[in-house]
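Q: In our numbering, each residue carries its 1-based index in the sequence shown increased by 63. Cβ atoms here follow ideal geometry from the backbone N, Cα and C, with glycine treated the same way. The structure displayed is predicted, hence computed values, not measured ones. Have a look at this one before I ask anything.
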Amino acid sequence: VKDNRCNDFLYLFLGCEVEILNVRPAFCKEYVNSPSKEDLIDSITSSLAALSSGKADMAAVYYEKIDVEGHHFGPESPQVKTAVQHLDLTMQILNQKIKDSNLENQLNVMLFSDHGMTKIQWMEKVIELDKYIDMSDIVKIMDRGPVVSLWPKNTTYQKVYAALSQVHNMRVYSRQEIPERFLYKKGNFVSSLTLVAEPGWFITKNKTTLPYWKNDSGEASAWQNGWHGYDNEFLDMRGFFLAVGPDFKKNVRAAPIRAVDVYNLMCWTLGVHPLPNNGSWSRVEYLLNGFENPLQSGMLWTFSMGLLGVLVVLHSNFARHALIRQDSMFFVLLIPVIHRHGGEARISSAEYLSL
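Shown next as structure tokens:
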């Protein structure tokens, strides 16, 4: 974005205040772990104002409230429902402001999540490793939950592998056995053993060592009740993608895409040359109006938003050059956690954006 002379405004993004490779965003409203409804409304209102005034070419808002409440109380909890209702209200406000400003034909809106969430029963569906192996045989253990990395001693590797292979409700993989579809096994830092829990199960050394989950949305009364990071073939782990605006076709029900595909869509609507990436144009190009090649761009602003975190990005192109579009906007909503009902992801705010 910076290389294309775009001003990017970031709201509630973790680390946006940090300089990376000598680059900082033009504006950063620092991350808030459990943002309020007012935080979200203020961020979106400020984003639209920055774009409308020409100060920003792209604005992004990340909203993590649904994720926080989902972890703390569970994805089907009243707290998650309230957080989604707050988002719903904000989407109504956004939609009305877009109409009042006559920006319907200048704004692309993308709403997406980076993960789902499922309910866990950490007291019952827990796999305690110290009940199956001698932890003194382990040099290092990393993480807890759906995926755990283990480095046994060389002298005890086979013993540990054999013991863990008998444990129900999880799989143990040597590096060579990790499924190719995980796109993981060739990493330089992959552990010698990788443990993967079945959906809803939780792997830890011992559940008595789990700290109570603490955040400012409520009292610390238990370990977490919602989790993500399970095999993405489990539907509860799937996110969603919605888009509307002059660059996108209407009333198209898309086939599944991957999280890495969103980057190319964002670059195309911004008129930015994408860097090499693992996204695939074949999975997304048919969603776009007048698509000819991945480097051709129209004239749009961009606004994106993400949920669970919610990411909101707005992009204005009134004073752009070369491939940068100059008469519209783009909005993205990223929702890492969404409320699930009957196995189906639901977010009613979509109707307010006529998606």
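For Val86, which of helix, strand or coil comes out of DSSP?
A: Three-state result, Val86: strand.
Q: Report the CB separation of Arg321 from Arg346 in whole angstroms; it is logged as a contact under 8 angstroms.
A: That pair is a contact at about 7 angstroms.
Q: Classify Tyr275 as buried or exposed, calling it buried when 16 or more other Cβ atoms lie within 10 Å of its own Cβ.
A: Counting Cβ neighbours within 10 Å, Tyr275 comes out exposed, since fewer than 16 surround it.
Q: Excluding the 5 residues flanking Cys330 on each side, which residues of the same chain have their C-beta closer than 6 angstroms to its C-beta?
A: Around Cys330: Pro337.
Q: Is the separation between the beta-carbon of Gln287 and that of Ile183 shorter than 8 angstroms?
A: Against a cut-off of 8 angstroms, the Cβ pair of Ile183 and Gln287 comes out as a contact.
Q: Does DSSP classify Met300 as helix, strand or coil?
A: It is helical.
Q: For Ala382, which residues from the same chain have a beta carbon less than 6 angstroms from its beta carbon, with the 5 sequence-adjacent residues on both sides left out?
A: Residue placement at Ala382 cannot be trusted, given a pLDDT of 31 that sits under 50; the coordinates are not used to answer.
Q: According to DSSP, simplified to helix, strand and coil, what is Gly462?
A: Because residue 462 is not part of the residues shown, which for the chain are 64 to 418, the question remains open.
Q: Any idea what DSSP makes of Lys128, helix, strand or coil?
A: In this structure, Lys128 counts as helix in the three-state DSSP scheme.
Q: Where in the segment 249 to 281 do unbroken runs of the alpha helix (DSSP H), each at least 4 residues long, occur, reported from the N-terminal end onward?
A: Entirely contained in the segment 249 to 281, not one alpha helix (DSSP H) run reaches 4 residues.
Q: With DSSP collapsed to three states, give me the class of Ile161.
A: Helix.
Q: Within 10 Å of its beta-carbon, does Ala122 have 16 or more other beta-carbons around it, so buried, or fewer, so exposed?
A: Buried: at least 16 other Cβ atoms inside 10 Å.
Q: Count the C-beta pairs between the segment 231 to 238 and the segment 251 to 271 that are closer than 8 angstroms, then say yes if the count reaches three, no if not.
A: Because the criterion of three Cβ pairs below 8 angstroms is met, the segment 231 to 238 and the segment 251 to 271 touch.
Q: Could you check what DSSP says for Glu348 in three-state terms: helix, strand or coil?
A: Glu348: helix per DSSP, three-state reduction.
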